[in-house]
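Visitor:
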Amino acid sequence: MSFVKNFLYVILINSVIGSPQINLHLTDEVIDNKTNVVFQHDCLYVPASIEKENNIHQIISYCLTEWSSKWNIEENNLDQKFTFNQLYKQNITSQQLYLWSAPMDVVERYQFYLNHISISNQSFFMTTQWFYNCTLPRFGPLCQYSLDNYISHYSTLYEIIYDFYQHEYNPINLTCYTHLKCNRGSSSICLDWTEICDGIIDCQDGTDEEFCWQLQFNECEANEFQCTNGQCISKIFLHDGGNTFECLDRTDEIWKDMTWKNPLAFTFRNEPTFASEDITCPKRYILDNMKWTSSCLFERNKILEKLLFNDTPNRVSDDCWMAAKCQLRILDRSDPRCLIHCSNRICTEIINQSCPDMLRMPAGTIAFGHIFFIYTKKDMINSPARSIPPSYVCYNDQLCDGFHSNKPLISFNNATCRRPVDFPLKLDDLFKCTIKNICISSALVGDSWCHCGLGQYNACEDEDLNIHYIRTHISFTTICDSFTELIPVTINGRNETDETECEYWICNNTYTRCDGFWNCFNGADEVDCYSSSLSFNCPYQHHHICVSPHTNQFMCLPLEKANDGNIDCLGGTDEPKLCRSNDYQPSDKNFQCINHTGELCIEPLHLCYKSHCQDRTDIQFCNYTRDIPIHSTICNKRYENIRSKVENFFCVRQLDTNKPQLVYFSLGKLTNSANQMIQQHTNEMILHSSTRQIIINQYEQRCHRGLPLRIRLNIDKNLTTIACLCPPSFYGNMCQYQNQRVSLTLRFQTFSDSRRTLFALIILLIDDSNERIIHSYQQLTYLYIRDCQTKFNIYLLYSTGPKNQTKNYFIHIDIYEKISFTYQRSFLIPLKYSFLPVHRIAIQLDIPRANDKKENCLDQLCIHGQCIRYSNDNSFCQCYREWTGKYCNISYRCTCSSDSLCIGISSNNRSICICPLHKWGSQCLLHNTICYSNQNATCQNNGKCIPIDENIISDKPFICICPKGFSGERCEIVDSKIILSFHKDIILPQTMFV
């Protein structure tokens, strides 16, 4: 028997050492036979990699949302399996199963078995339950799952997920919001949740904007901030961090200045967190570099544009339609379809021969359900412009009247059409976009949408009014600084800017000296300005530091050799004219390929990534002995500590787009140091372990924002299929559908008498039915000394899709003292505006004093419970154990351990439990012994040991609540104190100020 026991240990332990722990949750799938709803199941719970400095706590669940019965998974004969009875006989504990990546339902079921093993009539079913000992990368109840991006040196599931989301999300099709019936004029185009209540009618019948007027009449409380879209948030969240938004429209943070100037300086996590999924997006400026949700991604517009022109109008030939798309640049001329279609004869000939005189394009409407464009054959053939405007804009004149113009009108398919230039404009109410030479309504200026269109480097003049001012007004301090700020003005037939006739202007002056930019083309204003980051100084005066193209080492270049027409330095850093833009739109391309036949200059973002220079000078200085993800670059902020000095030199060089375009007069002294150079900063997260190489050759786009999960149908035959683990914001077999949800941000504050009290908080999404259904829930532990600055981000999902519009929904929050189970208070947060797809709630709640009286009431008929008042004076029935419903009249079986609190039952028929301090699990059956382990010196000086939640990333398995007079991680520090004693003869007053 001892041999069998040892053999079993070898089998099990061998798969654990140095391997990630992957425990699936909710594997006992529950199906609602009444509604045919498949609840989330087979979930991975992973903490989001949100910056520590932002104090944000969010656990993301990645779950299957489709029927598992669709897969015929055959018996697995490769992995070892053991009955509960076999495990029991070998003294295996539930803690060991947990560490061996068993599903949590299996772990708890085994512990339940152990708790009842002494019962003589133990059921045969429970005795013969199976545990499959999976060999990584396989996991799951039958070892049927694996993650394709797993590689052997991963030590945690967190690392696997984090690295997966470092890949760019470049979708080839759309995600859709299907809970609102919407006809957009084309069956190929679906609605996005961010398009509901965005002020633009996307559905032809206007249903996406039907009820949105109510938001404008929403009134906020005195302690709340009102977002531009009407949403209310607690003022505590206003301007609390540039990377986090509590307003869906992001108007609670000052972020415009960061995005217009340099998108690389302001980036988001690629994981599906609140910061990336729960924001709406200004449609008129979507930055390609900003990886937000699929709703905001630049590629979404590209896909929409393609889908918009998928449908060919009736009685229009395919030849005509394809030629028109190529001619109008809807398809790029280099597109293979255009090259093939227009290869033998140019597109204009095909249009002339096969197209009608007037072509409706696209086939559907483009706005408000009735406006569409008409192109005439003549305009398509004869227009010299690269971008051909529509010949006519057509509309329903019963919906758009009031145009009093003497210009001729035409009729097309019962619509009124007029030339775009013939629409009457009231110039007093217009703002002129100088870059695009168009006019927009003054009311649109500063509305967070870029109506003027982006410049080449994301400059939007109707949002950043400084841009508009700079482009149209000469600034003395930027005249002749070698950078063009002014849009050319034609004077006497010549294009004049702020950089013309600058031959006698002094470029080395108090405004340009040592600012990090070569305002003199020979760099005279930057010579001898050494940055402390270089760790290299030239021993000679009037020399530049640069990198030798021959040795890849630093060298000193005499001033007279700069800007002499010869490239002496790697990257052409001594010849700035070669890469600098000669117009008012600056470029980030500052590294010159020395021998080139194609691209002359590249951005530092591409250095040491893959060669973009034909002569490979952009990679010749790179160190390839480190492990860096193949989709990353050495110039990423997170790698600044492992760069070589030469790599750092190229990465930190100032980009032209960072040059201050407004420079103010200064009385400061001339500086001779470059230490004041403006540095780019990003809120990048520091990895918990060394940088890891990702070996995925192609990012799996099938699952959109979800995780691709490989399912092994038959291991012997190597038959597999791919499913998707979806984050809360999506569902479907490819995570292609956008979820209705509540995105809740909570902060708490306590009074001084409760700052060392551990609280349990239960957050429920409920409805107002008699059943008082708990659609979803989350449980938190809160300790003021640990969590006073923490924001808790929580997703709450509806149990049915779509949600029932006839019901009212609420967030119900219960607060208990964790150790004593003493009930403290409940809060009720109503969800107004049921037409919204996403309810974004951000609120701070006050936990009451320990001795505050709990208010009971008599205005509820609570059959098996008691009437309790919420903090806002409404009341509810707090049900006794195993009773639920609005009036506590519905019984259920509670599966929580006997020493825990049973709060209720969720819509997926699982009991909601609050565990004692040292127990955990969905049923509170599992023990956490860290605070009682003899091998661990825990808390000293009578400090209280608190185990850390299993889903929190921490290098400490517990924390200590120290009594007064002690501090430190383990209460090992005796606090300084002053003891005052008075002679017995001194008469002391009743009060004394010390």
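According to mature numbering (1 follows the signal peptide of the UniProt record, and there is no 0), the residues represented by the sequence shown are -18 to -1, 1 to 976, in order. Backbone N, C-alpha and C define an ideal beta-carbon position, used for all residues, glycine too.
1. In the DSSP assignment, the alpha helix (DSSP H) including lysine 307 goes from what residue to what residue?
2. Short of 8 angstroms in beta carbon distance, which residues of its chain neighbour cysteine 633, apart from the five on each side in sequence? Order them along the chain.
3. Can you say whether tyrosine 914 is buried or exposed, counting buried as having 16 or more other CB atoms within 10 angstroms of its CB?
4. By a C-beta neighbour count over all protein chains shown, 10 Å radius and 16 as the cutoff for buried, is tryptophan 487 buried or exposed?
5. Pick out whichever of Leu899, Asp597, Leu637, Arg319 has its Cα sitting closest to the Cα of asparagine 572.
6. What is the DSSP secondary structure of glutamine 126, reduced to helix, strand or coil?
7. Could you check what DSSP says for alanine 257 in three-state terms: helix, strand or coil?
8. Short of 7 angstroms in beta carbon distance, which residues of its chain neighbour proline 690, apart from the five on each side in sequence? Order them along the chain.
9. Can you say whether isoleucine 183 is buried or exposed, counting buried as having 16 or more other CB atoms within 10 angstroms of its CB?
10. Cβ atoms of threonine 398 and aspartate 379: under 8 angstroms apart, would you say?
11. Here's the rule I'm using: 16 or more other beta-carbon atoms within 10 Å means buried, otherwise exposed. How should residue 977 be labelled?
12. Thinking just about the alpha-carbon of each residue, which of Cys194, Gln186, Arg875, Leu843 is nearest to the one in serine 168?
13. On a CA-only basis, which of Trp112, Phe536, Phe193 is nearest leucine 552? Give me that one, please.
14. Is the beta carbon of cysteine 942 sitting closer than 8 angstroms to the one on lysine 926?
15. Within its chain, find whatever has a CB closer than 6 angstroms to the CB of cysteine 906; leave out the 5 residues flanking it on each side and keep chain order.
16. Exposed or buried, what is arginine 297 when buried is set at 16 or more other beta-carbons lying within 10 Å of its beta-carbon?
17. DSSP beta-bridge partners for histidine 900?
18. Rounding to the nearest angstrom, what Cα-Cα distance links lysine 966 and lysine 946 in this structure?
19. If I'm right that cysteine 214 touches cysteine 202 with Cβ under 8 angstroms, what's the distance once you round it to whole angstroms?
20. Alpha carbon to alpha carbon, how far is threonine 782 from asparagine 790? Give it in angstroms, no decimals.
21. Expressed to the nearest angstrom, what Euclidean distance is found between the alpha-carbon atoms of valine 471 and isoleucine 461?
22. Going along the chain, which residues of its own chain have a beta-carbon closer than 6 angstroms to the beta-carbon of leucine 669, five neighbours each way excluded?
23. Assuming isoleucine 142 contacts tyrosine 132 under a Cβ cut-off of 8 angstroms, what Cβ separation, rounded to an integer in Å, is found between them?
24. What is the DSSP secondary structure of proline 402, reduced to helix, strand or coil?
25. How should glutamate 57 be labelled, buried or exposed, when 16 other C-beta atoms within 10 angstroms of its C-beta is the threshold for buried?
26. Threonine 466 to cysteine 484, Cα distance in whole Å?
27. Is glutamate 177 helix, strand or coil when you go by DSSP?
28. Please report the residue range of the alpha helix (DSSP H) in which glutamine 93 lies.
29. When we look at the beta-carbon of alanine 656 and count the other beta-carbons within 10 Å, is it buried (16 or more) or exposed?
30. Considering threonine 472, what are the terminal residues of the beta strand (DSSP E) in which it resides?
31. May I have the straight-line CA-CA distance separating lysine 785 from cysteine 421, to the nearest angstrom?
32. For the beta strand (DSSP E) holding arginine 738, just list the boundary residues, first then last.
33. Check each candidate in Gln77, Asp597, Cys382, Lys835 and name the one with the smallest Cα separation from glutamine 574.
34. Mind checking aspartate 190: buried by the 16 CB within 10 Å criterion, or exposed?
35. Quick check on DSSP: helix, strand or coil for aspartate 24?
36. Beta carbon of histidine 501, beta carbon of aspartate 463: below 8 angstroms?
Guide: Looking at the atomic coordinates:
1. Locating residue 307 in the sequence shown gives position 325, counting from the first residue. Taken as a continuous stretch (DSSP letters only), the alpha helix (DSSP H) holding lysine 307 covers 300 to 309.
2. In the sequence shown, counting from the first residue as 1, residue 633 sits at position 651. Result list for cysteine 633: Pro586, Leu589, Ile616, Cys617, Glu622, Arg625, in chain order.
3. For the purposes of this step, residue 914 is taken as the residue at position 932 of the sequence shown. Exposed: under 16 other Cβ atoms inside 10 Å.
4. Along the sequence shown, read from residue 1 onward, the residue named residue 487 stands at position 505. Exposed: under 16 other Cβ atoms inside 10 Å.
5. Within the sequence shown, numbered from 1, the residue matching residue 572 stands at position 590. Cα-wise, what sits closest to asparagine 572 is Leu637.
6. Residue mapping note: residue 126 aligns to position 144 of the sequence shown, counting from 1. Glutamine 126 falls in the coil class under three-state DSSP.
7. The residue you call residue 257 lines up with position 275 of the sequence shown. Note: alanine 257 maps to helix in three-state DSSP.
8. Along the sequence shown, read from residue 1 onward, the residue named residue 690 stands at position 708. Taken in chain order, the residues that qualify are Asp130, Glu682, Arg684, Ile704, Cys706.
9. Locating residue 183 in the sequence shown gives position 201, where the first residue counts as 1. With 16 or more other Cβ atoms inside 10 Å of its own Cβ, isoleucine 183 counts as buried.
10. Taking the first residue of the sequence shown as position 1, residue 379 is located at position 397. Taking the first residue of the sequence shown as position 1, residue 398 is located at position 416. Taking 8 angstroms as the cut-off, the Cβ atoms of aspartate 379 and threonine 398 count as close.
11. Residue 977 is absent from the structure shown; the chain starts at -18 and stops at 976.
12. Here the question's residue 168 lines up with position 186 in the sequence shown. Among Cys194, Gln186, Arg875, Leu843, the Cα nearest to that of serine 168 is on Gln186.
13. Here residue 552 refers to the residue found at position 570 when the sequence shown is read from its first residue. Cα-wise, what sits closest to leucine 552 is Phe536.
14. Here residue 942 corresponds to residue number 960 of the sequence shown, with the count starting at 1. Here residue 926 corresponds to residue number 944 of the sequence shown, with the count starting at 1. Yes.
15. One-based indexing of the sequence shown puts residue 906 at position 924. Answer for cysteine 906: Cys878, Ser879, Ser882, Cys895, Cys897, listed in chain order.
16. Translated into positions along the sequence shown, residue 297 becomes position 315. Arginine 297 is exposed by the Cβ-count criterion.
17. To locate residue 900, count along the sequence shown from 1; it is residue 918. Bridge partners of histidine 900: none, in fact.
18. Working through the sequence shown from its first residue, we reach residue 966 at position 984. Working through the sequence shown from its first residue, we reach residue 946 at position 964. Going by the C-alpha atoms only, they are around 28 angstroms apart.
19. Residue mapping note: residue 214 aligns to position 232 of the sequence shown, counting from 1. Residue mapping note: residue 202 aligns to position 220 of the sequence shown, counting from 1. A Cβ-Cβ distance of about 4 angstroms is found for the pair cysteine 214 and cysteine 202, placing them in contact under the 8 angstroms criterion.
20. As a position in the sequence shown, residue 790 is number 808, starting the count at 1. As a position in the sequence shown, residue 782 is number 800, starting the count at 1. Going by the C-alpha atoms only, they are around 14 angstroms apart.
21. Reading the sequence shown from its first residue, position 489 is the one you call residue 471. Reading the sequence shown from its first residue, position 479 is the one you call residue 461. So the two alpha carbons sit approximately 15 angstroms from each other.
22. Numbered from its first residue, the sequence shown carries residue 669 at position 687. Reliability of the predicted coordinates at leucine 669 is poor, the pLDDT of 33 falling under 50, and the value obtained from them is presented with this limitation in mind. Within the same chain, and ignoring the five residues on either side of leucine 669 in sequence, no residue has its Cβ closer than 6 angstroms to its Cβ.
23. Translated into the one-based positions of the sequence shown, residue 142 becomes position 160. Translated into the one-based positions of the sequence shown, residue 132 becomes position 150. Indeed, because the Cβ distance is near 6 angstroms, the residues count as touching under 8 angstroms.
24. On the sequence shown, position 420 is the one that residue 402 refers to. In the three-state reduction of the DSSP assignment, proline 402 falls in the helix class, which pools H, G and I.
25. On the sequence shown, residue 57 is found 75 positions in, with the first residue counted as 1. Exposure of glutamate 57 is indicated by the presence of fewer than 16 other C-beta atoms within 10 angstroms of its C-beta.
26. For the purposes of this step, residue 466 is taken as residue 484 along the sequence shown, with counting starting at 1. For the purposes of this step, residue 484 is taken as residue 502 along the sequence shown, with counting starting at 1. Spanning the two alpha carbons is a distance of roughly 12 angstroms.
27. Along the sequence shown, one-based indexing puts residue 177 at 195. Helix at glutamate 177.
28. For the purposes of this step, residue 93 is taken as residue 111 along the sequence shown, with counting starting at 1. Glutamine 93 -> alpha helix (DSSP H) spans 86 to 97.
29. Along the sequence shown, one-based indexing puts residue 656 at 674. Reliability fails at alanine 656, whose pLDDT of 38 lies under 50, so the model's placement of it is uncertain and the value that follows must be treated cautiously. Buried: at least 16 other Cβ atoms inside 10 Å.
30. Along the sequence shown, read from residue 1 onward, the residue named residue 472 stands at position 490. Following the DSSP letters along the chain, one finds threonine 472 inside the beta strand (DSSP E) bounded by residues 471 to 473.
31. As a position in the sequence shown, residue 785 is number 803, starting the count at 1. As a position in the sequence shown, residue 421 is number 439, starting the count at 1. Computed Cα separation, rounded: 43 angstroms.
32. Numbered from its first residue, the sequence shown carries residue 738 at position 756. Careful: arginine 738 lies outside any beta strand (DSSP E) and carries neither H nor E.
33. The count along the sequence shown starts at 1 and reaches residue 574 at position 592. Taking glutamine 574 as reference, the option from Gln77, Asp597, Cys382, Lys835 with the minimal CA-CA separation is Asp597.
34. Position 208 of the sequence shown, counted from the first residue, corresponds to residue 190. Under this definition aspartate 190 is a buried residue.
35. Residue 24 sits at position 42 when you count from the first residue of the sequence shown. Residue state, collapsed to three classes: strand.
36. Numbered from its first residue, the sequence shown carries residue 501 at position 519. Numbered from its first residue, the sequence shown carries residue 463 at position 481. Inspection of the sequence shows that residue 501 is occupied by asparagine rather than by histidine. Cβ distance < 8 angstroms, so asparagine 501 and aspartate 463 count as in contact.
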